[in-house]
Amino acid sequence: MKLMIIDCSISGVSGDMLLAALLDIGADEEAVRQSIERITKILEGGKKVTFKSEDVYVDELRAKRVKIMVEDVVDSRPATALLGAVKDCVSDLNLSKCAANIAIDATELLARAEANVHGEPIESLHLHELGMADTVADIIGVAVALDSLGLSREMIATTRVAVGGGILRTSHGTFPAPAPVTLELLRLSRIPFSGGPVEGELATPTGVALLASMSSRIVQDYPPMVVEKIGYGAGSMLHAGRPSVLRLLLGQEQEVRGNIEEIMVLETNVDDVPGESLAYVAEKLLSEGALDVSIIQAIGKKGRPASILRVLSKKGYEANFARMIMRELGTLGVRFLTVGRFVAAREESLVDVRVAGRIFRVRVKRSFLPGGEPLTLKPEFEDLKMIAQETGLPIREVENIVKKQLS
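What follows is the structure, encoded as structure tokens:
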């Protein structure tokens, strides 16, 4: 199956970086240019929008950069006007249903996040930075680029998003990164993110909104695939020793359902450690990267109650975990052995569901047996909890509603 991975784990994401990377893997640049330069005919208050694309070198890495120059005669727009303009644009451009939905969903998500941050209904909300014509240009440009590449949401996956760090100054005040609207977009879309690796704003609201509307899956590592094209979209920020580029991988995903791997099992018996201490050590081991931790009740020497602490870890970590166990528990030895295990293939996807008349995005974890036979399907509990809190429905009812829509 065709697959495009958006890798924003190092340099974050913005609308212009996404558009530039799509052009770099072969999107129709002339179609993008014409669509962007037609925006002023539809967007009220937009005087002129010009588009420029160029090849640049970022820390000796060749990349594509786009510049969208805007002349606006207004400094803000109603959110409803922005959404109306995007809908008119996709209709005027005769985009595919998938590309049109991506553009409209991204705009609606932006408006919803701004409304939530400011505590206003969308109908009365005015957008300042996000209300400018360049926001529409980024959204429409990306939708047209995806259309020209024949890419639909089901073919697109994203990594976690690097959001940067430090202090940001916005028209609404000074905040730590990520900006409030960006953070709300990440919450609504359920896309994982991490701070750093540099100071500054790495993830913009438009970039995150587009990422959420484009992607159907989240990947922690690159899946098995044959890469056919690689695209680099350059950002405007400069970071010493760290190229400010978003990377796209386009190719064919390989069908691999499950694999056999070797892991380490570590065990120790203790009969003089309270349960609270064992629980603390178990939590610490998991936080340090243990695959699993179990505490098994047993009968030890002289009939004394005892506990067996069992830890599963990746190979190469056993010495560190053994040292940690001995330091924390005072045990004099830790057994270890290498075992094989068969692991079902797993993937995580983002699915929109309707609950109590509202649309929510839920992370769904699926597993598969060899040959592709589905094994399990489980919506993320934290997402179900959030829906229950926002709708007031019992969590059991929310879970049933969501599972019916997933089946």
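Position in the sequence shown counted from 1, then plus 625, gives you my numbering. C-beta atoms are modelled at their ideal positions from N, C-alpha and C, and glycine is treated no differently. Given the structure is predicted, the values throughout are model-derived calculations rather than measurements.
Could you tell me which residues DSSP pairs with residue i in its beta bridges?
| i | result |
| --- | --- |
| N894 | I933 |
| H797 | For H797, which the question treats as bridged, DSSP gives no partner whatsoever. |
| E886 | R966 |
| R702 | L752 |
| T760 | According to DSSP, T760 bridges with nothing at all. |
| T1001 | S992 |
| I661 | Partner(s): none; I661 has no beta bridge. |
| Y857 | R872 |
| V844 | Looking at the DSSP assignment, V844 forms no beta bridge with any residue, so it has no partner. |
| S819 | A787 |
| E826 | G789 |
| Q879 | BP columns for Q879 are empty, so no partner. |
| K939 | I888 |
| V769 | Paired residues: none, contrary to the question. |
| V1055 | Limits of the chain in this structure are 626 at one end and 1032 at the other, which puts residue 1055 out of reach. |
| R960 | E892 |
For the candidate residues the options, whose alpha-carbon lies nearest to that of residue i?
| i | options | result |
| --- | --- | --- |
| A837 | R971, M626, A731 | A731 |
| V674 | R983, V980, V898, D763 | D763 |
| A787 | P803, G798, S773, H797 | P803 |
| I924 | L911, K909, N894 | N894 |
| E973 | L708, F967, S992, G856 | S992 |
| L771 | I650, P849, A834, E880 | I650 |
| R960 | A944, L873, V898, L916 | A944 |
| L647 | R952, V964, V851, G858 | G858 |
| P1078 | G637, M839, G789, T784 | No answer is possible for residue 1078: the residues shown for the chain start at 626 and end at 1032. |
| V695 | S841, E685, L755, S636 | L755 |
| L734 | A758, L718, A704 | A704 |
| D1008 | A710, A907, P817 | P817 |
| D897 | A738, E953, L1000, N1025 | E953 |
| S749 | M757, E739, A758 | E739 |
| A645 | G671, M757, V681, E669 | V681 |
| E685 | Y905, A970, A904, R867 | R867 |
| V769 | E824, G820, S819, R658 | R658 |
| E669 | A758, G789, K990, S721 | A758 |
| K854 | M862, L875, R948 | L875 |
| L871 | K627, D641, A706 | D641 |
| T963 | G997, G941, P830, G820 | G941 |
| M1011 | P999, S1032, K990, I984 | I984 |
| F946 | L994, E1024, M889, E901 | M889 |
| L994 | S861, L835, N884 | N884 |
| L811 | L827, R794, V833, F800 | V833 |
| A706 | V638, C633, M949, A736 | A736 |
| V918 | V851, L891, L774, Q879 | L891 |
| L835 | G775, G856, A782, G789 | A782 |
| M780 | R842, D632, E826 | R842 |
| P822 | R988, V980, S636 | S636 |
| L708 | A688, I667, D653, F800 | I667 |
| R988 | F1006, G982, L934, A981 | F1006 |
For the beta strand (DSSP E) containing residue i, list its first residue and its last residue.
| i | result |
| --- | --- |
| I984 | 983-993 |
| L648 | Taken as a continuous stretch (DSSP letters only), L648 belongs to no beta strand (DSSP E), being part of the alpha helix (DSSP H) at 640-649. |
| E953 | Taken as a continuous stretch (DSSP letters only), E953 belongs to no beta strand (DSSP E), being part of the alpha helix (DSSP H) at 943-954. |
| I1026 | No beta strand (DSSP E) holds I1026; the alpha helix (DSSP H) holding it covers 1020-1031. |
| L863 | That residue, L863, is in no beta strand (DSSP E); it is neither H nor E in DSSP. |
| T784 | From DSSP, T784 is part of no beta strand (DSSP E); its letter is neither H nor E. |
| M629 | 627-632 |
Could you give the first and the last residue of the continuous alpha helix (DSSP H) run that contains residue i?
| i | result |
| --- | --- |
| E972 | That residue, E972, is in no alpha helix (DSSP H); its beta strand (DSSP E) goes 970-980. |
| K909 | 900-912 |
| P803 | Where P803 is concerned, there is no enclosing alpha helix (DSSP H), given that its DSSP letter is neither H nor E. |
| A834 | 830-839 |
| E696 | Counting along the chain, E696 falls outside any alpha helix (DSSP H), though it belongs to the beta strand (DSSP E) covering 686-697. |
| Q1014 | 1006-1016 |
| S919 | Looking at the DSSP string, S919 is not in any alpha helix (DSSP H); the run it does join, the beta strand (DSSP E), is 917-924. |
| D730 | 722-743 |
| K672 | Premise fails: K672 lies in the beta strand (DSSP E), 671-683, not in any alpha helix (DSSP H). |
Kindly give me the distance between the Cβ atoms of residue i and residue j, rounded to whole angstroms, as I take these residues to be in contact under 8 Å.
| i | j | result |
| --- | --- | --- |
| S701 | H751 | 5 Å |
| A728 | I765 | 6 Å |
| I630 | V844 | 6 Å |
| R986 | S869 | Rounded, the Cβ-Cβ distance is 28 Å, inconsistent with contact. |
| I920 | L903 | 5 Å |
| V711 | V767 | No, V711 and V767 are not in contact; Cβ-Cβ is about 12 Å, not under 8 Å. |
| V978 | Q1030 | 5 Å |
| G791 | E824 | 3 Å |
| P1033 | T795 | Absent from the model: residue 1033. The displayed extent of the chain is 626 to 1032, so no value can be given. |
| G900 | L873 | In fact, because the Cβ distance is near 50 Å, the residues do not count as touching under 8 Å. |
| G860 | E826 | 10 Å between Cβ atoms; not a contact. |
| K672 | D697 | 7 Å |
| S840 | L975 | 6 Å |
Would you please verify whether the beta carbon of residue i is less than 8 Å from any beta carbon of chain C?
| i | result |
| --- | --- |
| L1002 | This model lacks chain C altogether, as it is built from one protein chain only. |
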